[in-house]
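Residue numbers (my numbering), protein chains in the order written: chain A, 288 to 604; chain D, 288 to 604; chain C, 288 to 604; chain E, 288 to 604; chain L, 288 to 604; chain V, 288 to 604.
Number of protein chains: 6
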Amino acid sequence: MTKLLTQYQENDHLDLFALIKSADVRLTKTGKQYISLVFSDRSGDLPGNLWDAKSDQIQEFVTGKIVKLQGVRGSFKDQPQVQITSLRLAEAGEPDNPAEFMAHAPVKKSDMEEQLNDYLLQISQPTWNRIIRKLFNKFHDDFLNYPAAKKNHHAFSGGLAFHSLSIAHLAESVADQYPQLNRDLLLSGALLHDLGKVIELSGPVATEYTLAGDLIGHISIIDEQLVLAANELNFDLNSEELLILRHVVLSHHGLLEYGSPVRPELMEAEILHQLDNLDASMQMMTGALDKTANGEFSKRIFGLDNRRFYKPSEFDQ
Amino acid sequence: MTKLLTQYQENDHLDLFALIKSADVRLTKTGKQYISLVFSDRSGDLPGNLWDAKSDQIQEFVTGKIVKLQGVRGSFKDQPQVQITSLRLAEAGEPDNPAEFMAHAPVKKSDMEEQLNDYLLQISQPTWNRIIRKLFNKFHDDFLNYPAAKKNHHAFSGGLAFHSLSIAHLAESVADQYPQLNRDLLLSGALLHDLGKVIELSGPVATEYTLAGDLIGHISIIDEQLVLAANELNFDLNSEELLILRHVVLSHHGLLEYGSPVRPELMEAEILHQLDNLDASMQMMTGALDKTANGEFSKRIFGLDNRRFYKPSEFDQ
Amino acid sequence: MTKLLTQYQENDHLDLFALIKSADVRLTKTGKQYISLVFSDRSGDLPGNLWDAKSDQIQEFVTGKIVKLQGVRGSFKDQPQVQITSLRLAEAGEPDNPAEFMAHAPVKKSDMEEQLNDYLLQISQPTWNRIIRKLFNKFHDDFLNYPAAKKNHHAFSGGLAFHSLSIAHLAESVADQYPQLNRDLLLSGALLHDLGKVIELSGPVATEYTLAGDLIGHISIIDEQLVLAANELNFDLNSEELLILRHVVLSHHGLLEYGSPVRPELMEAEILHQLDNLDASMQMMTGALDKTANGEFSKRIFGLDNRRFYKPSEFDQ
Amino acid sequence: MTKLLTQYQENDHLDLFALIKSADVRLTKTGKQYISLVFSDRSGDLPGNLWDAKSDQIQEFVTGKIVKLQGVRGSFKDQPQVQITSLRLAEAGEPDNPAEFMAHAPVKKSDMEEQLNDYLLQISQPTWNRIIRKLFNKFHDDFLNYPAAKKNHHAFSGGLAFHSLSIAHLAESVADQYPQLNRDLLLSGALLHDLGKVIELSGPVATEYTLAGDLIGHISIIDEQLVLAANELNFDLNSEELLILRHVVLSHHGLLEYGSPVRPELMEAEILHQLDNLDASMQMMTGALDKTANGEFSKRIFGLDNRRFYKPSEFDQ
Amino acid sequence: MTKLLTQYQENDHLDLFALIKSADVRLTKTGKQYISLVFSDRSGDLPGNLWDAKSDQIQEFVTGKIVKLQGVRGSFKDQPQVQITSLRLAEAGEPDNPAEFMAHAPVKKSDMEEQLNDYLLQISQPTWNRIIRKLFNKFHDDFLNYPAAKKNHHAFSGGLAFHSLSIAHLAESVADQYPQLNRDLLLSGALLHDLGKVIELSGPVATEYTLAGDLIGHISIIDEQLVLAANELNFDLNSEELLILRHVVLSHHGLLEYGSPVRPELMEAEILHQLDNLDASMQMMTGALDKTANGEFSKRIFGLDNRRFYKPSEFDQ
Amino acid sequence: MTKLLTQYQENDHLDLFALIKSADVRLTKTGKQYISLVFSDRSGDLPGNLWDAKSDQIQEFVTGKIVKLQGVRGSFKDQPQVQITSLRLAEAGEPDNPAEFMAHAPVKKSDMEEQLNDYLLQISQPTWNRIIRKLFNKFHDDFLNYPAAKKNHHAFSGGLAFHSLSIAHLAESVADQYPQLNRDLLLSGALLHDLGKVIELSGPVATEYTLAGDLIGHISIIDEQLVLAANELNFDLNSEELLILRHVVLSHHGLLEYGSPVRPELMEAEILHQLDNLDASMQMMTGALDKTANGEFSKRIFGLDNRRFYKPSEFDQ
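In structure tokens:
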């Protein structure tokens with residue numbers, strides 16, 4: 288099996304197909320044109336520069352093209368990059384489907400869809416059930432395709448559903464262990480809490496913040512959608528069952544400093560926040576340690592207070 | 288002119304009419320009944336205990352009654368209180384209108400109503416104008432009667448309108464001085480920013496947080512009302528003009544730590560936040576210094592980082 | 288079934304047996320003797336004062352006695368207390384076992400012992416297994432009897448084992464969901480992390496910090512015990528398997544500010560910290576909400592940033 | 288009308304006269320000489336490098352020279368810069384007055400002088416009036432010519448007077464709205480608060496911190512000048528009127544963390560601090576948005592907690 | 288030798304002479320007069336209430352009187368107090384000198400005076416020498432008599448000199464160990480740094496903050512005095528030798544948050560700040576441990592982050 | 288006397304012998320090989336690049352070689368570096384002892400050894416004496432040879448002993464001045480507090496953190512060594528004399544945030560922390576000012592909150 292882009296070590300020779308994820312034409316300090324490229328496949332990204340770029344190259348090597356890439360895995364300012372030795376477009380008979388070169392959730396979309404449907408069946412509280420069904424009808428495809436973030440954790444296609452469903456799994460275990468928790472409320476929160484990201488972000492690929500994302504944020508956006516759905520279904524916005532559902536979603540960042548307008552004041556809200564945190568941490572640590580050799584420390588992880596994590600050697604276990 | 292409740296100094300003899308603002312029957316440490324009373328008139332509040340309360344007194348001296356109060360202005364743990372020497376219900380021919388014994392805004396309601404109407408005429412941007420008119424139709428009376436807070440600044444009947452209109456006045460001056468500001472947006476923010484308090488709080492008098500106030504908060508509540516109004520008027524929720532109006536309101540607490548889900552990212556949002564702060568500070572400092580003698584420091588003001596403020600002597604000015 | 292001490296509401300008449308948990312003779316401000324008592328049963332504590340205490344009462348009503356208590360559930364400074372109307376020692380034929388009047392873990396000691404043994408069997412990594420067995424032999428009884436804290440969460444007899452085993456249960460679910468975690472290490476951390484409390488605290492009942500607890504703290508104490516055990520078993524203190532076991536335990540408070548000398552730098556260390564937090568939060572919220580009526584907010588919980596939690600009404604679920 | 292230096296967009300061709308604001312001869316990593324230049328005109332600055340600099344060029348292109356500059360507006364590390372294609376000294380008949388190529392306040396110096404005199408007439412409290420007149424006689428020219436800062440807001444010639452007078456304008460509006468404020472004290476603070484900058488900074492152009500600026504700071508410097516002036520006028524330093532004037536000036540940074548040795552404890556001190564903040568914010572936001580296209584976010588503003596600000600599109604207003 | 292006021296333990300009987308340090312007539316909650324007294328001798332203070340005070344007692348027992356006090360050492364809210372059983376004025380032949388009943392520095396004033404003179408001789412830098420001599424001439428007596436604080440450390444007569452001279456002693460040792468330090472500058476800072484307290488505080492006994500103390504603070508006050516002295520001696524305020532002397536004094540609180548307008552930027556300024564801290568810590572710890580039994584923890588010390596300190600038992604040393 | 292590496296100013300020509308402290312072969316952005324070198328002598332380090340490196344050069348110029356270096360002292364991104372003009376290996380008859388080219392403590396090792404022995408004799412408390420002797424026997428050579436840190440203060444050979452002994456000297460002076468301090472305990476803490484660094488760091492030269500250093504840290508490591516030594520000597524780990532010795536060492540970072548698992552709760556612990564801080568500050572300031580000209584500010588010092596320190600001119604002293 289061929290190695291993927293991010294699996295090469297320093298000084299390895301690369302020879303593989305990759306997708307051009309972005310391509311910017313720039314000038315060197317001394318004024319010569321080059322293309323600053325980012326290559327990707329399903330393992331992740333690798334940047335590299337094509338020096339002294341000719342005008343036909345500038346026209347060929349644009350975002351979205353699949354290319355045959357040869358070079359050496361070097362690094363620049365401690366970040367991996369490829370020193371390109373040869374670059375050409377993929378030809379007839381070679382890979383031609385960009386979707387195969389993008390990172391995506393490690394679970395199949397159809398499996399996630401099935402899990403989602405299972406959970407929707409489990410939520411039996413009638414008001415919550417109707418609102419959640421309404422919203423997942425409206426955003427069904429985006430929920431399954433969007434990433435959960437622009438960078439940091441779950442920043443891949445399908446990441447939003449993958450993250451939300453992971454939390455739902457955790458919620459089930461925790462609700463089993465602590466029966467004083469309202470399972471329906473916890474599951475509703477797990478599914479809904481980040482759904483505003485389908486409006487906050489621009490799309491599944493090369494995602495950016497939308498204007499609504501920048502000025503309003505995904506927490507107020509999902510609250511807006513809850514308000515609209517409840518209004519359409521003629522529910523009373525001031526009923527306790529609606530207020531606590533909105534509260535669980537509004538408070539899921541846990542601290543005001545992290546953008547929740549209220550702190551958790553329900554057991555389920557506090558626990559949802561903690562499980563959200565746990566799954567995001569697992570994803571960030573796993574991602575960093577996947578690129579780390581045994582017996583070494585990972586790179587610093589911004590979302591975990593810039594800590595490095597150690598990957599133990601293979602000792603007697 | 289007779290002195291009001293909060294204008295007496297330590298050891299003065301009081302003799303006046305007052306409203307019973309609250310009355311709780313309690314037991315002393317050694318088990319005897321007494322009534323813990325809070326008296327009020329339009330100058331503010333003064334607590335006092337009626338010791339060894341008889342059962343007919345417990346039935347007579349309840350919240351909402353006007354009473355003739357005699358006693359001595361003492362203090363307990365550095366807080367003013369009255370040592371009651373005589374207490375009876377007001378009789379025929381004596382004051383009988385509770386509204387005259389409540390603190391209220393220092394401007395007449397009809398004047399505030401007129402100012403509100405003037406400002407509504409000034410906002411010419413058509414989308415904002417229609418939304419704001421819709422919301423001020425819906426909440427017209429509550430806006431004019433509610434306090435702006437449970438305690439701290441503007442915690443009196445009409446305080447919400449008084450505070451909002453003060454900010455609108457400031458906004459006019461600032462928009463004159465800095466023409467790069469969008470005056471319509473600044474005025475819209477001034478009027479709307481705290482309007483969610485008519486749902487967050489329970490009413491104009493003896494106000495408490497509602498469940499919506501506790502679990503959702505006035506910032507998300509006014510955003511909810513903006514969403515519903517825009518939806519009913521068939522405006523596009525993702526249009527820039529709606530997003531920036533919502534942003535100005537959502538961000539008006541300035542910092543995430545203070546409960547805004549987003550920080551100000553528009554000039555008008557930043558300035559609205561600063562003017563909100565300025566008017567609240569003025570109200571808190573003025574309230575504290577009104578009760579302070581010349582050449583003395585006020586009590587510590589919780590909302591201003593527990594600072595005391597100095598009231599200068601009458602020097603040559 | 289009779290109501291327990293903490294299940295009475297304000298103004299209810301109490302009539303029950305209780306244990307005297309503490310009894311201090313004090314003087315009133317004006318110099319009269321009274322006994323400041325704390326009563327307890329398995330639901331928790333309730334303080335009350337016996338006024339004008341006679342010298343025979345002072346000799347009778349001492350810590351450890353079971354008494355028949357009658358009175359009214361009042362409150363003082365917002366804390367529940369009992370106004371004692373009658374108090375006498377329990378007589379022949381009435382309850383006489385103090386152990387039945389103490390709060391304890393909601394699981395039987397024998398069940399916890401069995402669970403502990405199960406977990407010890409599950410940890411297959413040989414070095415960790417031998418060290419943990421050695422330490423649980425040494426501290427077997429104290430582990431099952433000690434509380435997990437002086438106050439806040441799990442401050443009851445058996446609380447240490449109950450808390451540690453709850454985390455072990457959570458650890459199992461999480462290790463199932465994320466197979467990249469080392470289950471042995473996570474379970475080892477769950478069992479060991481708070482074991483130093485058997486030296487930090489003075490005993491299962493009326494526990495206080497020992498001098499070692501004050502000056503060294505339970506984190507360095509359990510590290511000390513790991514060092515001694517490894518030394519006795521002739522393990523190399525600088526081997527990776529020992530360093531990572533110690534790291535997981537040393538870092539389990541998550542932040543330096545909370546007393547860990549190092550922050551988590553292993554996946555399992557980070558997750559142990561989060562699960563510790565989750566179980567402590569659940570215990571604190573559950574404890575506070577048990578004393579809260581439906582549709583009300585709990586008292587503020589010190590260990591959760593002084594937040595109050597809401598207990599929803601019984602709506603249609 | 289010709290475009291100014293900072294009005295060109297990425298990839299535009301520049302052809303204009305500019306002042307050399309600084310010129311440093313440096314070596315490339317591989318040891319070749321180049322001149323690192325900063326060009327300026329009244330719109331602001333633009334850096335650029337002259338590669339492979341000859342020795343006659345090194346002698347010609349020095350600070351203070353006016354040059355004819357041709358090149359392309361590129362960028363380096365996200366900062367605008369010019370790729371120089373041609374550079375020569377201005378010749379006879381071409382612009383020759385450096386003052387025309389420097390940024391300055393958007394108001395004429397003579398207008399600011401007139402406003403200053405007006406305000407000096409308005410301050411009627413005799414002690415303050417005499418002290419302020421004495422200090423503005425002493426520092427008259429420097430007040431009108433100095434910038435208010437080395438970078439951030441009002442970092443241009445005349446910025447000190449422009450900023451101080453803006454605050455005085457705001458102070459007038461606020462004193463009108465809140466008559467409880469002492470207008471004389473507020474105006475005195477507005478004029479004096481930053482006057483120490485004429486000793487803290489080295490001069491109107493290319494300003495640097497002086498040793499007094501670094502070791503003492505402008506707040507203690509203006510206090511020193513107030514002390515000396517009061518001493519010379521034989522005023523009592525411990526009189527209330529002098530203490531409150533000094534307090535307003537000493538506390539104007541609002542927080543100890545920002546270098547005030549005392550926090551505001553007078554209404555006027557608190558309001559001066561807030562108005563200082565408001566004017567500085569307006570200046571920073573306006574400066575950043577002037578360089579931002581409609582519908583885009585500005586660059587991050589260091590002095591406003593690194594926030595970006597959005598410049599709305601031209602919608603229907 | 289008779290025990291002093293603060294040397295009695297809980298429940299001891301007191302019988303001694305003491306000074307009335309303060310006497311306030313108050314009402315009980317139920318309206319009866321009592322005198323709230325604070326007694327002192329050279330060991331410190333002890334409060335106590337005289338219940339049901341008669342009017343002749345109210346006239347007799349006033350601040351400044353020496354009394355014969357009998358009673359029991361009790362406590363109220365964990366603070367020591369005396370339950371008074373007998374109280375009368377001192378009579379002829381009994382102690383009559385209030386000064387003997389006040390806490391003062393543990394070194395004789397004449398010794399401190401001598402030490403001060405020695406240090407003044409040691410400072411050989413001519414500018415600093417002349418300024419310091421001028422200021423210590425002006426404030427000679429107050430320097431030797433004032434406390435260093437209203438409460439916390441060195442809050443006794445002579446505390447200012449005692450604290451300043453302790454730092455000077457430390458400064459000598461440190462300057463010996465690190466010859467790169469400027470000994471003259473360090474000694475000058477040690478003597479001058481708190482001298483502004485003679486204006487910040489009202490006097491040696493029962494000291495309060497003056498208006499200058501509240502609004503300006505002792506750091507800006509000593510800077511003011513340095514400016515005036517330098518001006519009178521015709522020194523250049525912008526000379527380096529004056530700027531660094533002022534810097535050392537202005538920065539001695541170390542952090543802006545603690546009221547220094549600049550942080551230390553000279554070695555001597557940093558070290559003076561650290562030595563100031565060390566001596567204050569020693570004084571606070573010593574004061575607290577003097578009242579603590581062996582093998583116990585002291586009360587929490589506010590000025591040391593509310594820490595308690597442990598006083599070891601007498602073990603084999 | 289020849290100038291040393293760090294004593295050259297910008298643009299000076301260098302011609303000297305130096306040690307290659309590190310040598311990494313890298314690629315330029317455009318793919319050419321160069322050697323990134325760090326040169327050192329006893330004055331410190333200086334980096335420089337050898338461009339277009341030939342393969343024989345790559346083999347010759349490796350870590351540990353002494354070279355003859357010629358070049359120009361330039362700078363890159365404000366850091367000093369050398370532009371190499373000529374580089375060759377030292378030849379026969381030229382310097383050949385690498386030890387002469389490394390930074391080391393400014394005191395001879397034999398002197399430090401003698402001081403250590405003196406202090407060991409001074410500690411008369413028998414338990415502490417035996418433990419400390421045991422540990423200094425075990426780590427005698429490493430104590431004298433290790434640095435005290437990887438960077439920041441005392442990061443040179445012998446730095447650990449130099450720092451520890453400096454603190455011991457300070458401790459003597461302070462114990463003289465405050466006889467209430469336990470001199471033995473303070474000296475024991477001075478010698479032991481950083482001894483864990485001989486396990487935390489990899490060795491005297493080119494030191495790195497070991498795995499134990501990263502995962503456990505030097506504070507828990509020295510506690511481990513104290514526990515093992517006490518165990519071997521059959522001392523009771525829970526005796527007060529051992530608990531307070533461990534406490535002094537465990538708490539010496541002063542704040543939990545700095546990695547101490549407990550805060551100082553003994554006078555000697557607090558003072559040791561302050562003296563540790565004082566000596567580290569002196570070392571950092573001295574190091575920075577040694578490279579600073581008179582009348583200039585030093586570079587910012589990371590370990591002192593990024594402050595710059597001023598080196599006064601040579602004025603009349």
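Even glycine gets a Cβ: it sits at the ideal position worked out from N, Cα and C. These numbers come from a predicted model, not from an experiment.
First and last residue of the alpha helix (DSSP H) that includes residue i?
| i | result |
| --- | --- |
| residue 413(L) | 413–425 |
| residue 294(L) | Residue 294(L) -> no alpha helix (DSSP H), and no H or E assigned at all. |
Taking the DSSP output, what are the residues bridged to residue i?
| i | result |
| --- | --- |
| residue 334(L) | 325(L) |
| residue 679(L) | Because chain L is modelled from 288 through 604, residue 679(L) falls outside the range shown and cannot be assessed. |
| residue 302(E) | 357(E) |
So residue i and residue j are supposed to be a Cβ contact under 8 Å. How far apart are they, rounded?
| i | j | result |
| --- | --- | --- |
| residue 422(L) | residue 512(L) | 6 Å |
| residue 548(V) | residue 507(C) | 5 Å |
| residue 531(C) | residue 502(V) | 7 Å |
| residue 504(V) | residue 488(V) | At roughly 11 Å, the Cβ-Cβ gap does not stay under 8 Å, so residue 504(V) and residue 488(V) are not in contact. |
| residue 572(L) | residue 596(L) | 5 Å |
Look at residue i and residue j and say whether their C-beta atoms are less than 8 Å apart.
| i | j | result |
| --- | --- | --- |
| residue 419(C) | residue 403(C) | no |
| residue 443(A) | residue 482(A) | no |
| residue 539(E) | residue 560(E) | yes |
Which residues mark the beginning and the end of the beta strand (DSSP E) in which residue i is found?
| i | result |
| --- | --- |
| residue 595(E) | No beta strand (DSSP E) holds residue 595(E); DSSP gives it neither H nor E. |
| residue 536(C) | Run containing residue 536(C): none in the beta strand (DSSP E); it sits in the alpha helix (DSSP H), 527–537. |
| residue 373(E) | 366–376 |
- Message: To be precise: take each residue of the stretch 500–522 of chain L, compare its Cβ to all Cβ atoms of chain D, and keep it if any distance is under 8 Å. Which residues remain?
- Response: Result list: 501, 502.
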